[in-house]
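2 protein chains.
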Amino acid sequence: MRCEIVAIGTELLLGQIVDTNSAWLAERLATLGVDGYFQTRVGDNPARIEEALRQALARSDVVIVCGGLGPTQDDITRQAIANVMGAPLQRDPTLLARIETIFRQRNRPFADNNATQADVPVGARPMAMIAGTAPGLICQVGEKHIYALPGVPWEMRALFEADVLPDLLQRRAQFGDAEATLVNHTLYCWGPGESAIAARLTPRLQALDASGNPTIAFLASDIAGTRVRITAKAADAEEARRMAQEEAREVRALLGDAVFSEGDDAPMLHLPEAVVLRLLAERGQTLAIAESLTGGGIGARLTSIAGASRVFRGGIVAYADDVKFESLSVPPGPVVSEETAEHMARNVCRVLRADVGLAATGVAGPDSQEGLPPGTVCIAVAWKNETTTRTLNLGGRPREQVRILTATWLFDMLRRKIMDLPVA
Amino acid sequence: MRCEIVAIGTELLLGQIVDTNSAWLAERLATLGVDGYFQTRVGDNPARIEEALRQALARSDVVIVCGGLGPTQDDITRQAIANVMGAPLQRDPTLLARIETIFRQRNRPFADNNATQADVPVGARPMAMIAGTAPGLICQVGEKHIYALPGVPWEMRALFEADVLPDLLQRRAQFGDAEATLVNHTLYCWGPGESAIAARLTPRLQALDASGNPTIAFLASDIAGTRVRITAKAADAEEARRMAQEEAREVRALLGDAVFSEGDDAPMLHLPEAVVLRLLAERGQTLAIAESLTGGGIGARLTSIAGASRVFRGGIVAYADDVKFESLSVPPGPVVSEETAEHMARNVCRVLRADVGLAATGVAGPDSQEGLPPGTVCIAVAWKNETTTRTLNLGGRPREQVRILTATWLFDMLRRKIMDLPVA
Chain G
1 MRCEIVAIGT ELLLGQIVDT NSAWLAERLA TLGVDGYFQT RVGDNPARIE
51 EALRQALARS DVVIVCGGLG PTQDDITRQA IANVMGAPLQ RDPTLLARIE
101 TIFRQRNRPF ADNNATQADV PVGARPMAMI AGTAPGLICQ VGEKHIYALP
151 GVPWEMRALF EADVLPDLLQ RRAQFGDAEA TLVNHTLYCW GPGESAIAAR
201 LTPRLQALDA SGNPTIAFLA SDIAGTRVRI TAKAADAEEA RRMAQEEARE
251 VRALLGDAVF SEGDDAPMLH LPEAVVLRLL AERGQTLAIA ESLTGGGIGA
301 RLTSIAGASR VFRGGIVAYA DDVKFESLSV PPGPVVSEET AEHMARNVCR
351 VLRADVGLAA TGVAGPDSQE GLPPGTVCIA VAWKNETTTR TLNLGGRPRE
401 QVRILTATWL FDMLRRKIMD LPVA
Chain U
1001 MRCEIVAIGT ELLLGQIVDT NSAWLAERLA TLGVDGYFQT RVGDNPARIE
1051 EALRQALARS DVVIVCGGLG PTQDDITRQA IANVMGAPLQ RDPTLLARIE
1101 TIFRQRNRPF ADNNATQADV PVGARPMAMI AGTAPGLICQ VGEKHIYALP
1151 GVPWEMRALF EADVLPDLLQ RRAQFGDAEA TLVNHTLYCW GPGESAIAAR
1201 LTPRLQALDA SGNPTIAFLA SDIAGTRVRI TAKAADAEEA RRMAQEEARE
1251 VRALLGDAVF SEGDDAPMLH LPEAVVLRLL AERGQTLAIA ESLTGGGIGA
1301 RLTSIAGASR VFRGGIVAYA DDVKFESLSV PPGPVVSEET AEHMARNVCR
1351 VLRADVGLAA TGVAGPDSQE GLPPGTVCIA VAWKNETTTR TLNLGGRPRE
1401 QVRILTATWL FDMLRRKIMD LPVA
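Line by line, the protein sequences are chains G and U. In this text, residue positions in the first sequence follow this note's numbering: the first is 1, and each later residue adds one. In this text, residue positions in the second sequence follow this note's numbering: the first is 1001, and each later residue adds one.
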């Protein structure tokens, strides 16, 4: 079964919005072993949307189309699908009532143009779930199917999981494809950079070169770490999983304590912040953070993880220097130093009554500060009555990258302290 | 002059990484009036990369290719370009020395495989600037040109601006194209939702329907606001700008105080956080924030804006309830209320000695809290000895969206207080 993704929106072609939907769908489909798919982007133009849909139906079995289901004049997907189906659009009164109820529940005025979101091509059916206000559609065209999803990423994903995925799996079973299954197993690393990690894995890359299965790929990320992705392909999921695990053992042996997490489940579970929260929760420890250049970003990352409240008590963002002196008892003077970071980490524990403290103070850039170049960042971990500090050299990067990397290095330093691993 | 974008990386096709580069490049090219371009994505496969490049060169005049310039075995762009040029790869000693110096300056070990990044197809030249460690390349193939850029977004953008753009503009002049110029003028709005805003602009959409120039498009964003983008096309930039400004006047009249910023320059300057920092800086006021469900995210947004330190003193992230009671003098009891938000906003001003305070307390979800449903958020602005509070109903959205929206609503409430506009 071949699946094609069509992303609709002039803002995509003009680059005003990034097409995250195609990537997300591609990953979900790849995990299901649905390969041989195409990806197209088209603007808010009726003729070109129709052409894209017809082209997709000609060469694929199912088409997933995202975007153009909103209430504005630019939203033409419904009409384009109706044209392709050779059917009229009909306002569905039950669907209309559901949408009106949603607006009422959220205390939002129902504009006339919102009623168009209840228009359905005759012969198509709306999806059971409504995430935002735009209902998705499942449309049969001959032997083929179009799934129309909203363009808003969180709405699209919710509807895909709830309505499209079950339908797709059913359809694939009907195809009787002897689908190969792809299984991914990813190891998440921090410490050595991407090229150093690739160099350590040269023996494995050479060993796998002949068979080409499993494959190993590297994905560098300042937030998630360097990801080493092992992909195994086999006739069934069990065999693919076995192959992936066997290779993971070999890789793990070569990477040692650079690996901070691994698995073949949702990447969010393997974020450095998720890992340290789990380690602290297991040990019944609470956490407080003292921030400066990061402005609150470290706390924001921690609190994006479900269950953070079991561990995270809060933080002090001491952006102005005198806030460090007054609220964190830092001795007055230059603030970009390991001593300052140590005071910040220890004192935020005391002020917020937490077991463990993290702190960062440094020069995000682009200007120098206290005679120190951008990228000079001092971090500290107060753990079990002992404070460990370190100076990072994050130069040559834009301000946002310095702030992001500060958090990831701090999480990794905490992980190493908890696991009794060497820090530098 | 036709320009094609080729994005390289198996992780793109598998959806593991989102292709932000194509979108960014597309926007830059569109602003330059370079249309008629194609976008392709291809995996780390030598044969398919070569095929994509040859296809691009057949139908376009310049090709911008991103990715595959790293040091690992997956990085095959250099070789593919060399094959297309019919030339060998040659290690450039000057370039090698530059890369080694960069590694030394950043205190990073130089792995053997990093030397491959100094390989250049004979006849091509490296770009003058190096952002990360992967040098870009400018490669002539007959009458056409390939620009090879790193896949890491910030590196790609830096090299595009420094080296590719000037070269592209020169090349376009040689084409003697009577290029049309596109000018965008965007109004950024908050308060009414996207459909309400589109409804208010119906008279303009009808008025512009016949000519189709300028066009008006809507882009909804929980972070940046609902953007109303006016796009005018004319033979020269002056005329296009005049047309866009004229339409902006009409649109502004219909949208009133929903418009919090506008312009045709970098969107980052028009973020709600940038707007409130500018307004406070103009008035010589300082700001402190008290966060809870947002975990530090409000401060992180504020401090991503250059010059935030003129205004922002810091904040207290009172994630655990008793931190609210102790550090922000909130009366013990339920914390999701407008009274609590008021205490938080006023007291963070006192504790951090700031003129203006912002606060948010609420239920991010997915669980209820204190009998209140997810999305119930109370926000407060302490401005000029007066505290204004409001309860938001952000239900029906995932946790991250509730946190993001809380910040944007809080910035908008502050903007309205400063500008003496109605809040609700």
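Here a beta-carbon is modelled for each residue, glycine too, at the ideal position from N, C-alpha and C. No experiment lies behind these values; they were computed from the predicted model shown.
- In the three-state scheme derived from DSSP, where H, G and I count as helix and E and B as strand, Lys384 (chain G) is classed as coil.
- For Ile1230 (chain U), the enclosing beta strand (DSSP E) begins and ends at 1226-1234.
- By the beta-carbon neighbour count (other beta carbons within 10 angstroms, threshold 16), Pro1109 (chain U) is exposed.
- A distance of 8 Å or more separates the beta carbons of Ile230 (chain G) and Glu273 (chain G).
- Chain G has no Cβ within less than 8 Å of the Cβ of Thr1408 (chain U).
- Ranked by Cα distance from Thr294 (chain G), the options G:Ala47, G:Arg415, G:Cys378 are led by G:Cys378.
- Unbroken beta strand (DSSP E) stretches of 3 residues or longer found wholly inside the stretch 300-375 of chain G: 312-318, 356-362, given in chain order.
- Per the coordinates, the alpha-carbon of Ala224 (chain G) lies some 10 Å from the alpha-carbon of Leu269 (chain G).
- Taking Val1122 (chain U) as the centre and dropping the five residues before and after it, the same chain places the C-beta of Ala1087, Pro1088, Gln1090 closer than 6 Å to its C-beta, in chain order.
- With a threshold of 8 Å between beta carbons, Gln140 (chain G) makes no contact with chain U.
- The three-state secondary structure of Ser1261 (chain U), taken from DSSP, is strand.
- Of all residues in the stretch 283-312 of chain G, only Thr286, Ala288, Ile289, Glu291, Ser292, Leu293, Thr294, Gly295, Gly296, Gly297, Ile298, Gly299, Ala300, Arg301, Leu302, Thr303, Ser304, Ala306, Ala308, Ser309, Phe312 come within less than 9 Å of chain U when Cβ atoms are compared, listed by chain position.
- Note that the C-beta distance between Ala240 (chain G) and Leu182 (chain G) is below 8 Å.
- Annotated as distal: Ala111 (chain G) and Leu96 (chain G), with beta-carbon spacing of 8 Å or more.
- For the stretch 205-220 of chain G, the residues whose beta carbon sits under 7 Å from a beta carbon of chain U are, in order, Leu205, Ala217, Phe218, Leu219.
- The C-beta of Leu12 (chain G) comes closer than 8 Å to at least one C-beta of chain U.
- A direct Cα-to-Cα measurement between Asn114 (chain G) and Asp1420 (chain U) gives close to 32 Å.
- Here the alpha carbons of Gln170 (chain G) and Thr133 (chain G) stand approximately 27 Å from one another.
- Close CB contacts of Glu246 (chain G) within its chain, under the 8 Å cut and outside five residues either way in sequence, are absent.
- Under the three-state reduction of DSSP output, Thr72 (chain G) falls in the coil class, being neither helix nor strand.
- Within the stretch 55-77 of chain G, those residues whose Cβ lies closer than 8 Å to any Cβ of chain U are, in chain order, Gly70, Pro71, Thr72, Gln73, Asp74.
- With respect to the 8 Å criterion, Ala345 (chain G) and Ala424 (chain G) are not classified as neighbours on the basis of their beta carbons.
- If you ignore the 5 residues before and after Arg403 (chain G), its C-beta comes within less than 8 Å of the C-beta of Leu293, Thr294, Gly295, Gly297, Ala364, all in its own chain and listed in chain order.
- Taking each of U:Glu1143, U:Thr1391, U:Arg1252, U:Trp1154 in turn and checking the Cα distance to Val1336 (chain U), the smallest one comes out for U:Thr1391.
- Beta-carbon to beta-carbon, Ala217 (chain G) and Ala232 (chain G) are separated by about 12 Å, too far to satisfy the 8 Å threshold.
- Residue pairing of Leu1182 (chain U) in beta bridges, as defined by DSSP: U:Lys1233.
- Nearest to Ser1329 (chain U) by alpha-carbon distance, out of U:Phe1312, U:Gly1314, U:Val1351, U:Phe1103, is U:Val1351.
- In the three-state reduction of the DSSP assignment, Gln1174 (chain U) falls in the helix class, which pools H, G and I.
- Below the 7 Å Cβ cutoff, chain G contributes Val18 as neighbours of Thr1020 (chain U), in chain order.
- The beta-carbon separation of Ile1138 (chain U) and Ala1124 (chain U), rounded to 6 Å, stays under the 8 Å limit for a contact.
- Taken through DSSP and simplified to helix, strand or coil, Arg1041 (chain U) comes out as strand.
- The beta-carbon of Leu271 (chain G) is placed no less than 8 Å from the nearest beta-carbon of chain U.
- Residues Ile1316, Ala1318, Val1351 of the same chain have their beta carbon placed closer than 8 Å to that of Ser1327 (chain U), with the five preceding and five following residues left out of the count.
- Bridge pairing for Asp119 (chain G): G:Arg91 [DSSP].
- If you draw a straight line from the Cα of Glu1161 (chain U) to the Cα of Leu1029 (chain U), it is about 11 Å long.
- Classified as exposed, Asp1236 (chain U) has fewer than 16 neighbouring CB atoms from the shown chains inside 10 Å of its CB.
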